[in-house]
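Reviewing the structure listed below.
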Amino acid sequence: MSIGFIGIGTMGKPMVRNLIDAGHDMVLHDTNPATYNDFNFDAVTIAQSPAEVAASTDVIFTSLPGPSELESVTLGKGGIIEGINPETVQVDTSTVSPSTIEKISKEFSKINAHLIDAPVSGGPIGAESGKLAIMVGGDIAVFDKVKPILEILGSSITRVGPTGSGTVAKLVHNGISMSTRIAVQEGMILAVKYGIHPTDILNVLTHGSFGQQTLLKSHIPDLVFKDDFDNPRFSLALSEKDVSLALAFAEEMGLEFGMAERALSRIREGVDKGLGAKDNLVTYKVAEEKAGVKIRG
27 MSIGFIGIGT
37 MGKPMVRNLI
47 DAGHDMVLHD
57 TNPATYNDFN
67 FDAVTIAQSP
77 AEVAASTDVI
87 FTSLPGPSEL
97 ESVTLGKGGI
107 IEGINPETVQ
117 VDTSTVSPST
127 IEKISKEFSK
137 INAHLIDAPV
147 SGGPIGAESG
157 KLAIMVGGDI
167 AVFDKVKPIL
177 EILGSSITRV
187 GPTGSGTVAK
197 LVHNGISMST
207 RIAVQEGMIL
217 AVKYGIHPTD
227 ILNVLTHGSF
237 GQQTLLKSHI
247 PDLVFKDDFD
257 NPRFSLALSE
267 KDVSLALAFA
277 EEMGLEFGMA
287 ERALSRIREG
297 VDKGLGAKDN
307 LVTYKVAEEK
317 AGVKIRG
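Per my numbering, residue 27 is the first one in the sequence shown, and the count goes up by one each step.
As structure tokens, this is what we get:
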């Protein structure tokens with residue numbers, strides 16, 4: 027199976043190296059020719075355009091900065107669509123918009139080509155070690171075709187649904203990740219302004235329940251998914267009290283604690299519904315009702 031790769035940047039370059047090390051001959055294209063200098067030219071072929079990559083490969087990987095670049099490389103002049111053959115698969119590892127993926131997929135369906143959206147998480151270190159987390163959207167048969175290649179690049183490969191689903195999963199992942207980082211940032215600033223040493227509050231966060239990541243490892247699968255809110259490990263009412271105290275203190279210190287404000291708003295929605303005696307994870311139920319979906323059970 028011949029493999030093309032377009033976008034030999036911070037993430038693309040180590041992914042290409044891993045594919046070469048696994049024995050694959052690669053066809054490469056990048057707008058910066060200097061990126062090719064890091065590769066053994068016996069193992070790579072340089073293409074002059076995305077269309078040229080597509081014309082000579084069975085699977086084409088793209089790793090690009092964003093939606094406009096992906097659309098240009100794929101559908102623009104000299105783009106992949108001008109050279110792609112029927113049954114060829116484009117695997118996009120970029121973080122883009124679902125609408126961009128849907129647009130490309132629609133155009134590909136007209137020529138019997140396939141698009142898999144497979145955004146990655148793990149940064150350059152994960153790319154170098156071949157231990158990326160890859161969230162995949164696409165047809166099952168097409169996914170099965172490219173899965174052995176994805177396994178060279180990542181240690182966690184999860185097909186989450188049809189084309190576009192991988193992109194949605196990545197956006198959700200990044201949104202949660204950055205929200206958590208901002209919450210930690212605001213909390214640490216509050217503690218340090220009061221006079222707590224940064225390493226001490228870091229130690230508290232690391233060894234408390236937050237740092238143990240119990241939410242993902244046990245609370246969601248063992249409690250939320252099983253609709254187990256009636257045996258509170260920590261009640262919603264007590265959570266309201268604690269977060270209210272934290273926000274009041276932040277106000278006294280003249281600091282923002284925006285993520286905690288959002289949390290308190292959701293907590294109070296649950297308390298107002300008479301759920302104060304239940305486990306604080308019952309906020310999942312409140313969120314489900316507002317969104318009209320169910321993620322439990």
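Glycine is no exception: its CB is placed at the ideal position from the N, C-alpha and C atoms.
Annotated three-state conformation of H55 is strand, per DSSP. Every alpha helix (DSSP H) of 4 residues or more that sits fully in the stretch 60-113 is shown, in chain order, as 76-81 and 93-101. Contact annotation: the stretch 208-218 does not touch the stretch 162-178, with fewer than three C-beta pairs closer than 8 Å.
The C-beta of A144 has 16 or more other C-beta atoms within 10 Å across all chains shown, which makes the residue buried. T121 and G92 have their C-alpha atoms roughly 6 Å apart.
Here S28 is near D84, since their CB atoms are less than 9 Å apart. By a beta-carbon distance limit of 8 Å, G163 contacts V186. Their separation comes to about 6 Å. Contact annotation: the stretch 135-150 does not touch the stretch 50-69, with fewer than three C-beta pairs closer than 8 Å. Taking each of K267, G38 and P188 in turn and checking the Cα distance to F87, the smallest one comes out for G38.
Between the stretch 256-265 and the stretch 292-301, the count of C-beta pairs closer than 8 Å reaches three or more; the two stretches touch. In the three-state DSSP reduction, Q239 falls in the coil class, being neither helix nor strand.
G30 is a Cβ neighbour of S82, given a cutoff of 9 Å. Excluding the 5 residues flanking it on each side, L241 has no same chain C-beta neighbour closer than 8 Å. As computed with DSSP, T184 is found in a beta bridge with M161. For I183 and V230, the gap between their C-alpha atoms comes out near 33 Å. H233 sits in a helix when the DSSP states are folded into three classes.
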